[in-house]
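A short write-up of the structure that comes next.
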Amino acid sequence: MVWYFSQAVSTEARAMFNLGRGGLTYWSPTINVVRDPRWGRITETPGEDPFVVGTYATNYVRGLQDVEGQENTTDLTSRPLKVSACCKHYTAYDVDNWNGTDRYHYDAEVTEQDMLETFLPPFEMCVKEGDSSSVMCSYNRVNGIPTCADPKLLNQTIRGEWNLRGYIVADCDSIEVMVDDHKFLGDTNEEAVARAFKAGLDLDCGDYYPKYGASAVKQGKVRVEDIDRSLIFLYILLMRVGFFDGNPKYSSLGKQDICSKQNMELAAEAARQGIVLLKNDNNTLPLNKAAMSSLAVVGPHANATLAMIGNYAFDPKNPGTPCQFSSPINGFSKFGMVTAAPGCVDVACKNNSLFSQALDAAMNSDATIIVAGLDLSVEAESLDRNDLLLPGSQTDLITQVADASEGPVILVLMTAGGVDISSSINNPKIGGILWAGYPGQDGGRAIAEVVFGLHNPGGRLPITWYPADYVKQLPLTSMPLRPTGSYPGRTYKFYNGTTIFPFGYGLSYTKFNYKHIARTSAVTIKLSRTIKCRDIDYGNNAKPTCPALLINDLKCEETILFDVQVQNAGAINGDAVLLIYSKAPDGITGAPLKQVVGFQRVFVAAGGNAMAKFELNACKSLGIVDYTGYRLLPSGINNIIIGDTGVTFPVEVIFQ
């Protein structure tokens with residue numbers, strides 16, 4: 003789905019370029035891993051799992067960049083591009099503005115283990131598998147060094163180890179931030195420019211390169227050849243996207259390719275597939291249209307439009323405005339007579355002065371849909387959250403409306419980050435709960451179609467939803483992922499506390515049964531003079547004779563093959579979303595509780611069966627990063643876990 007979506011985006015981008023209304027380089031996608039639920043820019047990201055985020059990045063970039071038939075040109079350096087993509091913000095960037103700490107001053111203290119295991123993999127996948135033509139470095143420092151001035155992160159890693167074929171760009175005004183906010187090494191303007199050039203920063207989104215580049219050369223702080231190298235990268239990229247001579251393949255694209263019926267339907271389908279069913283007591287959902295002639299649509303997002311498209315919403319007068327909006331009121335109006343009442347002036351919901359209208363609507367309707375949540379006044383770029391609750395009196399509104407309703411009550415949440423909705427989960431009057439994220443221009447239509455069963459939801463939560471007291475246990479600025487003492491850890495891979503909803507959670511209107519067919523039970527690797535045993539920390543637990551091998555010493559050609567048979571035992575067609583996890587051998591100190599290594603979305607007709615086939619690379623799927631920063635393949639029994647199905651099977655790694 004991601005590839006189709008970004009491919010449509012790039013088609014419209016080329017059309018806008020032909021019309022003189024857009025460029026050919028796009029600083030997208032945002033692929034930072036969600037480490038803490040309070041981070042304001044969760045609105046822009048694919049979630050908290052590095053593999054999921056990296057897979058998203060790879061497919062999104064391929065959809066933007068790939069020219070059909072030239073995806074694997076022999077000389078990838080000159081491979082034509084539809085448009086240029088940029089993976090951002092590199093790296094360990096997930097504090098915007100929280101309790102006096104902002105991104106312009108923040109120093110992310112990250113262990114090498116966490117860096118290699120969590121923060122770098124999405125960017126590595128973006129460059130090596132997605133062949134992204136650009137990477138953007140972030141405002142923050144990592145272990146004392148601004149990312150845009152760190153030669154290890156830029157030259158050695160992005161361009162050296164990952165072989166970037168493109169350019170590295172600074173987030174806007176990052177060099178100025180290095181000087182004025184980080185005050186890094188007391189650098190002058192010219193020294194900061196020279197330091198960034200030498201580290202590998204090719205393009206400055208700002209005015210420091212043009213203002214101080216020449217004087218930096220005159221002062222002998224940077225060589226002209228350093229500047230020439232960056233210019234070469236930039237001009238090659240411009241040639242690859244056809245900036246100078248165009249691309250005949252896309253020359254006919256124009257107004258007719260923007261807001262096409264096909265693309266608008268794609269936007270609606272993306273919204274449908276992203277909706278997650280969180281609660282469905284007594285099969286309240288889907289609602290029966292024949293029995294629901296009158297509907298109350300209430301709550302601060304009942305008539306949402308701009309809120310549905312999240313960050314980077316443009317002024318309606320400027321290009322980039324969605325082709326149309328379908329608010330929840332619009333969507334539900336196609337299924338019955340709607341009585342609408344916001345109940346709150348906005349999501350801040352500072353008082354109950356409008357509650358009575360919402361209560362009246364609920365009392366006099368066959369069914370009530372409450373549309374609540376957050377928006378950019380709560381979570382956004384430069385704005386982190388302080389709590390995990392619905393703002394103001396929203397929870398009171400939900401409770402009172404539910405109590406007043408005579409018919410079924412459905413709660414729909416528009417948020418990016420998770421919220422503690424324990425009271426709604428435990429409220430017997432609320433039969434169903436849906437999470438819609440920020441569902442885009444046709445979000446209202448998609449929500450209504452899910453509520454009335456025109457689409458069976460199959461979405462899964464991309465992040466953990468923590469209880470409200472999680473924020474009291476650790477500050478947003480603490481970077482470690484693993485739990486220690488009273489510190490509960492972060493993300494599903496390490497968090498050891500209770501959840502409101504776990505990562506990967508999602509229900510369906512039908513019931514699926516699963517059966518696995520394992521075709522690989524063991525992976526055997528022969529030791530040699532060049533492949534030697536490595537130690538690994540088992541604490542006080544017994545360890546194997548040969549605990550692990552260094553992955554860099556291996557060819558890594560071994561695979562794990564298995565199939566999952568999915569049976570739809572219900573009466574409704576549906577999508578089964580299979581999340582595949584691996585769990586390292588028991589006893590290894592600091593190993594993840596589990597980690598995503600694969601996923602598939604499988605359509606299964608009512609009463610039918612479907613087969614999902616998986617082929618996992620043993621090194622990538624069973625490897626771990628130890629505390630010293632080495633990627634190791636441990637020996638022993640690993641477990642492959644098929645989502646929340648209860649299906650697990652062992653795969654033994656044997657060294658001989």
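Using my numbering, you'd call the opening residue of the sequence shown number 3 and step up by one each time.
Yeah, the Cβ is synthetic: ideal placement off N, Cα and C, and Gly gets one too.
None of the values given here were measured: they were computed from a predicted structure.
Given residue i as reference, the closest of the options once Cα atoms are compared
i	options	result
residue 362	297, 279, 616	297
residue 580	564, 157, 591	564
residue 259	521, 12, 535	12
residue 288	588, 68, 61, 576	576
residue 469	590, 74, 504, 46	504
residue 342	386, 190, 365	365
residue 102	387, 284, 595, 419	387
residue 330	151, 308, 472	308
residue 510	196, 471, 570	570
residue 384	99, 46, 574, 35	99
residue 136	255, 622, 239, 123	239
residue 380	548, 405, 408, 417	417
residue 622	554, 603, 647	554
residue 556	459, 491, 657	657
residue 293	339, 29, 227	339
residue 513	205, 285, 105	285
residue 177	106, 4, 155	106
residue 291	393, 311, 456	456
residue 273	447, 121, 382, 209	447
Where the beta strand (DSSP E) containing residue i begins and where it ends
i	result
residue 449	Where residue 449 is concerned, there is no enclosing beta strand (DSSP E), although the alpha helix (DSSP H) it sits in stretches over 445-453.
residue 370	369-375
residue 14	Segment 4-20 is the alpha helix (DSSP H) holding residue 14; no beta strand (DSSP E) there.
residue 583	576-585
residue 650	649-657
residue 404	Here residue 404 belongs to no beta strand (DSSP E); instead the alpha helix (DSSP H) covers 396-406.
residue 552	550-552
residue 640	638-644
Simplified DSSP state of residue i, which is helix, strand or coil
i	result
residue 569	strand
residue 173	coil
residue 630	coil
residue 524	strand
residue 70	coil
residue 416	strand
residue 197	helix
residue 597	strand
residue 89	strand
residue 258	helix
residue 252	helix
residue 2	For the chain, the structure presents residues 3 to 658; residue 2 sits outside this window and is missing.
residue 128	helix
residue 460	coil
residue 231	helix
residue 366	coil
residue 433	strand
Same chain, Cβ closer than 8 Å to residue i, five either side skipped, listed in chain order
i	result
residue 649	516, 517, 518, 566, 643
residue 652	523, 639, 640, 641, 642
residue 489	475, 476, 480, 482
residue 654	523, 524, 525, 638, 639, 640
residue 501	466, 467, 468, 469
7 Å Cβ cutoff, residue i in contact with chain C
i	result
residue 548	You won't find chain C in this structure, because it holds only one protein chain.
Opening and closing residue of the alpha helix (DSSP H) in which residue i lies
i	result
residue 505	Element bounds for residue 505: n/a, residue is neither H nor E.
residue 54	52-67
residue 218	210-220
residue 427	424-427
Close Cβ partners of residue i (< 7 Å) along its chain, the five nearest in sequence each way excluded
i	result
residue 336	450
residue 249	82
residue 462	278, 506, 507, 508, 579, 581
residue 59	31, 33, 89, 124, 127, 128, 132
residue 377	309, 349
Cβ neighbours of residue i in the same chain (closer than 6 Å, five flanking residues each side left out)
i	result
residue 53	598
residue 593	586, 626
residue 437	278, 280, 415
residue 8	62, 65, 66
residue 110	94, 142, 144, 481
residue 56	123, 124, 127
residue 168	135, 136, 239
residue 459	277, 279, 452
The ligand ADP heavy atom lying under 6 Å from the CB of residue i
i	result
residue 630	Among the components modelled here there is no ligand, and therefore nothing to report on the ligand ADP.
field: Unbroken stretches of the beta strand (DSSP E), 3 residues or longer, contained in the stretch 135-163
entry: Whole beta strand (DSSP E) segments, 3+ residues: 136-139.
- request: List in chain order: all unbroken beta strand (DSSP E) runs of 3+ residues lying wholly within the stretch 277-338.
  value: Inside the stretch 277-338, DSSP marks whole beta strand (DSSP E) runs of 3 or more residues at positions 278-282, 296-300, from first to last along the chain.
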